[in-house]
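Once you know that position 139 of the sequence shown is 151 in the numbering used here, the rest is easy, because the numbers rise by one and skip nothing.
One structure is given below, encoded as structure tokens.
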Amino acid sequence: MFFEFRSLDNRVLAKPIFFGSGGIGTLDPERLKIAAQTLCDVFGLVSLHPHQEEAGRNILRGVSTFLDVPTGGGKTLAFWYALFYHWQPGNTSKECQKIVLVVGPLVGLLEAQAKTLNAKHIPAAAITSKSQNLEQLLTDLGDNKFRVGLVGPEMALSTQFHEKVLNNILFTDNIITLVIDEAHCICEWGGDDFRPEYRKIVQLAARLPTGTPILAATATAPQDVIKDIMRYLDLPEDIARVQVSNEKLNVSLAVRILQHEPDSFADLLVLFPEDFKEPGDFLQTLIYVNGRQDAEKIQDFLRDNTPQGIDIKIFEFYHKEIDDERKHIIQDGLNDGTMRGVPATDALGLGMDFRVILRVILWMRPRTFLSLIQKIGRCVRDHSERGEAVLYITKAMYARCCVELDIMRREEEDDSSESESEAEEEDGGQADRDAAATVQDASEEEEEPPAKRRKRSKHTMSALERRDRRYLLEYIVTQGCRRVPWDKFFGNKYKKTIALVGGTNLKTGRKEKSSPELEEAVREELEVVRKQIVADHYPIRTSSPGNVLLADAIVDTLAKRARLITSVETLLQQTRWGQAPRFGHLVVEAIEEVVLRFPDHAKAARELEAAERTQRTLDAAASKELREHLVLVFDGCYQAVSEEYEPVLPPARKGRKPKKPRQICQLFKQLPRRNIHPRYYEQITEPISMSNIKTLSQSRLTIRRSTLSCGLAPSFRQCEAIQRARVTDLQRR
13 MFFEFRSLDN RVLAKPIFFG SGGIGTLDPE RLKIAAQTLC DVFGLVSLHP HQEEAGRNIL
73 RGVSTFLDVP TGGGKTLAFW YALFYHWQPG NTSKECQKIV LVVGPLVGLL EAQAKTLNAK
133 HIPAAAITSK SQNLEQLLTD LGDNKFRVGL VGPEMALSTQ FHEKVLNNIL FTDNIITLVI
193 DEAHCICEWG GDDFRPEYRK IVQLAARLPT GTPILAATAT APQDVIKDIM RYLDLPEDIA
253 RVQVSNEKLN VSLAVRILQH EPDSFADLLV LFPEDFKEPG DFLQTLIYVN GRQDAEKIQD
313 FLRDNTPQGI DIKIFEFYHK EIDDERKHII QDGLNDGTMR GVPATDALGL GMDFRVILRV
373 ILWMRPRTFL SLIQKIGRCV RDHSERGEAV LYITKAMYAR CCVELDIMRR EEEDDSSESE
433 SEAEEEDGGQ ADRDAAATVQ DASEEEEEPP AKRRKRSKHT MSALERRDRR YLLEYIVTQG
493 CRRVPWDKFF GNKYKKTIAL VGGTNLKTGR KEKSSPELEE AVREELEVVR KQIVADHYPI
553 RTSSPGNVLL ADAIVDTLAK RARLITSVET LLQQTRWGQA PRFGHLVVEA IEEVVLRFPD
613 HAKAARELEA AERTQRTLDA AASKELREHL VLVFDGCYQA VSEEYEPVLP PARKGRKPKK
673 PRQICQLFKQ LPRRNIHPRY YEQITEPISM SNIKTLSQSR LTIRRSTLSC GLAPSFRQCE
733 AIQRARVTDL QRR
């Protein structure tokens, strides 16, 4: 078949190329570059990670690939890379209408992905048994009307799907890859999400055209689980692998022993901040439990301890028994930040993109180590932020884990020993330790004899389960870094790491929200700017890529935080927008013009109050400084008046005593008499005598207020000026 490829502005990119079955012989560098750039434009990124491009190029070459990327590593973008090599949003050329078929484990996840893709002008359909117009959707998928089809394993293996989709030549001629998302669900020990139906996906692969590459993707799988997955998918062991370390260096890891009764949940009080005045003060938290009842009880505990004035609905429990509407409300609340704490079972999390979770709590020991790591992986998907993951267990369970790990280590030593007698001696020691652990854990039911349990578990526990249990125990009881068992379990030492080129400038903390009027005005203005960008830079496009260049989600974020946007740098602190370096200045200018029309009166009042508070502080400091200076002047004046004497003259006659020296300023130690000097009192109605200067200078009371003859009451500072003038006049005299 011969295809012609065009760019976003409808330019021919390359001459027609022949594509053989199963892949492309030679990849066009220019088209690869455009595919990567278009992906970045559509999903608001600056650039793709190397592992995303490597996986996508393998698919284009027809090479089946196992994609092992950590949570938040962007594995989903690799699904669409091959599609964007052939097609871009708005391209209606018949030869470019390729299809990506995705098989996923959860209906909700498939529907969410389809919704996201359609919002970005990528025709997609999530087809499940609950879908409305199921027959029509299957027919449309078979007729090549969607670029992405998302189905569950049951639907993919159904007779309807086989008849209406797989038997349609339009579908089989244009499918470019089969994506198996969350591939760890195939393996029984791949976590809490095991799906037996997933093991039959190999039947779907057999029905597709020969050479159709398979992209199996997961975020959490060690080497033994990966081998198990490939065995069920009938893939060769030397399949291409794109593996990235799943270590999360930005998440602190801890195991805490309960200090209170488990049923009281009192240990969770530390989750509440000391200064809890608004919902945003509570770090967004997922609390994973092992049962529905615990989820509901923890919700009640959190609500009971919520301060008055804060809506208790920021805490909601989540498990599979709640209705779909409530599930969507909680998921949306986690995405927009209104939901602050969610106690949940394993039903919450698989494949869901909650980017703002800063804390993950695990209440009691999880079933497997994989389950533990999967839950921790949902904490802070943004590698530039920091989070914490804490496992709470009882003291008795911690002791049991210590004993169980010791038993497993000794069993491994026994297996490597050729002496049966030594092995029997170890049995006695192990039985003693098992018995001790049973006594310590009084809350658990009586079990069968430890030795029998050990021998039975040794034969019934699979190698995968045994290895998983060993690392779970090591993670719990280790006194060293908990990243060591994590990295060993997944072989992170031999995997690639995600390089953060330049990082991200997203600013954390509280966000100043726009008023509803300002938010609406900014949103309308940004829509105008978006249309103008399309008109200026993509005039030939028949389909508007406005939502591709500036997504609605980014517009909403900018509208809500309009007052914080003052430059391209501050714009990048509030949202991820790949086109900000190119068009950011236009958006900033538009937002600033709108903000000027909506003065922030509340902010102005806060600034005025702060300015007045600062002025009062300055006035108080100035008044204190003036008083200190006046005290020095007063003391000096008093000393000058009281210690200045006339010189002592010798007596006029012999035998007489010398006269006592007379103070020169004695006249001014007292105020002049009112009847003799009335004009003095016309100027100063309440004068202060020199005899009181010393007392007043040492007193911490306010200086007595003096008033002018005009009758006006002067301020405190005017009074001090009057007193200073008096002192100066006295010194002059």
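Note that the Cβ used here is the ideal one computed from N, Cα and C, for glycine as well.
The structure displayed is predicted, hence computed values, not measured ones.
Residue i, buried or exposed, once every other Cβ within 10 Å from all chains shown has been counted against 16
i	result
S396	exposed
G68	buried
V599	buried
N70	buried
A231	buried
G223	exposed
T171	exposed
K387	buried
Y404	buried
V402	buried
D687	The displayed chain sequence assigns Asn, not Asp, to residue 687. Exposed, since its Cβ has fewer than 16 Cβ neighbours within 10 Å.
L484	buried
V392	buried
G85	buried
E486	buried
E581	exposed
Residue i - partner residues in DSSP beta bridges
i	result
S257	Its beta-bridge partners do not exist; DSSP assigns none.
E400	S264 and R371
I213	Its beta-bridge partners do not exist; DSSP assigns none.
I341	Beta-bridge pairing links I341 to no other residue.
D80	T230 and Q255
I269	I405
V163	V115 and I139
L620	None, per the DSSP bridge assignment.
V354	L298
7 angstroms Cβ shell around residue i - same chain, five flanking residues per side excluded
i	result
P285	D293 and F294
I566	G56, T587 and W589
D480	W201, T380, F381 and L382
Q343	M364
M351	I326, E328, I342 and G345
Nearest-angstrom Cα separation, counted from residue j out to residue i
i	j	result
S556	Y97	Residue placement at S556 is poorly supported in this model, since its pLDDT is 47, which falls under 50; the coordinates still yield a value, given next. Using only the alpha carbons, I get a separation of about 20 angstroms.
T569	L576	11 angstroms
L360	L150	29 angstroms
K341	C414	The sequence given here places Ile at residue 341; Lys does not occur at that position. Taking the straight line joining both Cα atoms gives about 41 angstroms.
E333	L227	32 angstroms
D499	N262	15 angstroms
Y210	L169	10 angstroms
L95	R219	21 angstroms
A592	C52	12 angstroms
L476	E424	15 angstroms
V489	F329	30 angstroms
S718	R625	Its pLDDT being 39, under 50, S718 is placed unreliably by the model, and nothing is read from it.
K525	T128	25 angstroms
L265	Q311	24 angstroms
L247	L346	38 angstroms
L122	R594	33 angstroms
G503	D358	25 angstroms
R609	E529	11 angstroms
E640	K669	44 angstroms
Integer-rounded CB distance, given that residue j should sit under 8 angstroms from residue i
i	j	result
V163	V115	6 angstroms
R371	G399	6 angstroms
V75	A195	Contact flag wrong, Cβ pair sits at about 17 angstroms.
A138	Q125	7 angstroms
I373	I324	About 19 angstroms; that fails the 8 angstroms criterion.
Neighbourhood of residue i by C-beta, 8 angstroms cutoff - its chain only, sequence neighbours within 5 removed
i	result
V177	L150, L153, G154, G161 and F183
L713	The predicted model places L713 with a pLDDT of 43, which falls under 50 and marks its position as unreliable; any figure quoted below should be read in that light. Nothing meets the Cβ criterion.
K110	A94, L95, H98, W99, R159, N186, I187 and I188
A356	L298, I299, Y300, V301, A307, F329, Y330 and H331
E537	A602, I603, E605 and V606
M420	R478, R481, R482 and L485
Contacting residues, own chain, Cβ-Cβ under 6 angstroms from residue i (five flanking each side not counted)
i	result
R338	none
F173	M167
A278	H272
A571	E531, V534 and R535
G353	T297, L314 and F327
S50	Ser is not the amino acid found at residue 50; the sequence shown has Thr there. Excluding sequence neighbours, T50 sits near F96 and Q100.
Cβ of residue i within 8 angstroms of any chain C Cβ
i	result
W92	Of the protein chains in this structure there is only one, and it is not chain C.
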